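Read in order, the letters of the sequence shown correspond to residues 1 to 189 in full-length UniProt numbering. Just so it is clear, CB atoms sit at the ideal spot from N, CA and C, and this is done for glycine as well. Small disclaimer: the values here were computed from a predicted structure and weren't measured. Structure record follows, encoded as structure tokens.
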Amino acid sequence: MNAVAASAAFETERLRVRSLCAADEALYCSLYTDARLMRHIGPPLDAPQARRSFRAAVSAAARQPPRHVYFSLYDRQHDHALGVCAVRDIDLEHKRAEIGLMLRREAHASGIAREGLQAVMAWSFRELPIDQLYGQTDSANLAACRAARRAGFSAQAGGDTGGAAASSCMFLFNRPVSRNRSSTSQSKE
């Protein structure tokens with residue numbers, strides 16, 4: 001595991017978030033093989049495909065620099081697996097990355113999506129040399145669109161969706177400008 005992925009362990013009010021590891025295989029595979037959860041993402045994977053995808057996600061944590069960082073999200077109080085979140089396609093040249101989240105159905109409509117996204121967004125801007133996160137979802141996935149807006153993302157009309165389908169909705173979030181950062185740049189002018 002590289003140093004960036006190793007730093008991916010933190011808590012929020014209700015969540016324990018950490019880098020995806022071998023213990024998360026059942027969670028990951030259950031999400032990616034669930035046709036109902038995958039209906040707005042893509043075709044569900046069969047069990048062997050899901051296991052291969054999981055191994056690739058875990059091994060991504062060893063690459064330097066990282067192209068993808070995957071997280072597991074657990075309920076802090078009951079230590080129950082709730083979902084996975086990923087910061088993918090980390091583009092160091094353009095200083096941006098894609099963020100995505102999948103939750104078990106029992107975690108839907110609970111605010112967990114917003115809380116998880118905001119926590120991983122904060123980690124991403126703290127640990128990665130990026131200035132922008134973007135997310136893409138099927139515009140028919142109203143819950144995902146709502147969660148993205150509640151997490152602070154702005155919906156983008158048109159935009160570079162990397163070849164995403166016309167029914168796709170793209171959300172952007174730019175690195176917050178800190179007072180120290182803005183005062184430093186003003187003093188250099």
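Residue i in three-state terms, based on DSSP
i: residue 134; result: strand
i: residue 129; result: coil
i: residue 160; result: For residue 160, the predicted model reports a pLDDT of 48, less than 50, meaning its position is unreliable; a value from the coordinates is still stated below. Here residue 160 sits in coil by DSSP.
i: residue 145; result: helix
i: residue 23; result: helix
i: residue 31; result: helix
Inter-residue Cα distance where the pair is residue i and residue j
i: residue 48; j: residue 96; result: 31 Å
i: residue 86; j: residue 173; result: 15 Å
i: residue 40; j: residue 90; result: 23 Å
i: residue 107; j: residue 82; result: 6 Å
i: residue 169; j: residue 62; result: 31 Å
i: residue 15; j: residue 94; result: 31 Å
i: residue 3; j: residue 167; result: 37 Å
i: residue 51; j: residue 79; result: 23 Å
i: residue 147; j: residue 71; result: 18 Å
i: residue 121; j: residue 36; result: 26 Å
i: residue 75; j: residue 24; result: 14 Å
i: residue 38; j: residue 31; result: 8 Å
i: residue 88; j: residue 118; result: 16 Å
i: residue 56; j: residue 69; result: 11 Å
Strand pairing of residue i, partner residues [DSSP]
i: residue 87; result: 69 and 99
i: residue 155; result: 171
Residue i Cβ short of 7 Å to the ligand SAM heavy atom set
i: residue 156; result: Looking for the ligand SAM in the displayed structure turns up nothing, as the structure carries no ligands at all.
Limits of the unbroken beta strand (DSSP E) element including residue i
i: residue 9; result: 9 to 11
task = For the region 129 to 137 and the region 12 to 27, state whether three or more C-beta atom pairs, one from each stretch, are separated by less than 8 Å.
result = no
message = With three or more beta-carbon pairs closer than 8 Å as the criterion, would you say the region 114 to 125 touches the region 136 to 143?
response = no
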